[in-house]
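Working notes, structure below.
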Amino acid sequence: MHRNAVRYVTRTTSAAAGAVATAATSVAAAAVAASIIFSPVADASSRLEGVHADLVRAVQLNQITEEQALKFEARLAGRILGEG
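Residue numbers for the sequence shown, in numbering that gives the first Met the number 0: 0 to 83.
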């Protein structure tokens, strides 16, 4: 009987710990999502600066060519600025 009690306590404790970890993860994910949703929208120039910085980094890492970066940046600039 003692062995069964130990097994029961071990299983229920593990299940409870898993539920707490899952709940904590859910709360953290909700907090991140809320911070994204409620953060102010960046203006067009800030967005373009971010795009440019990301593309410069991609060229430095040899992920894309400089020509590809320029074309992509121009295309995004048109969309962000409402020109295309």
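Don't be surprised by glycine CBs; every beta carbon is placed ideally from N, CA and C.
All figures in this text were calculated on a predicted structure; none of them were measured in a lab.
Where residue i and residue j are concerned, what is the direct C-alpha to C-alpha distance, given to the nearest angstrom?
i      : j      : result
Ala-41 : Leu-47 : 10 Å
Val-58 : Glu-66 : 9 Å
Ala-68 : Leu-54 : 6 Å
Asn-61 : Glu-72 : 16 Å
Phe-37 : Ala-52 : 24 Å
Gly-77 : Ser-45 : 14 Å
Ala-32 : Lys-70 : 32 Å
Ala-27 : Arg-56 : 30 Å
Glu-82 : Ala-30 : 35 Å
Skipping 5 residues on each side, what residues in its chain have a beta carbon closer than 6 Å to that of residue i?
i      : result
Leu-75 : Val-50
Whose C-beta lies closer than 8 Å to the C-beta of residue i among residues of the same chain, with five residues either side of it excluded?
i      : result
Ser-25 : none
Val-64 : First, the residue type needs correcting, since residue 64 is Thr and not Val in the sequence shown. Cβ neighbours of Thr-64 beyond the five flanking positions: Val-58.
Hey, could you find the ends of the alpha helix (DSSP H) residue i is sitting in?
i      : result
Asp-42 : Premise fails: Asp-42 is in no alpha helix (DSSP H) and is neither H nor E.
Which same chain residues end up closer than 7 Å to residue i when comparing Cβ atoms and leaving out the 5 residues on each side of it in sequence?
i      : result
Leu-80 : Ala-43
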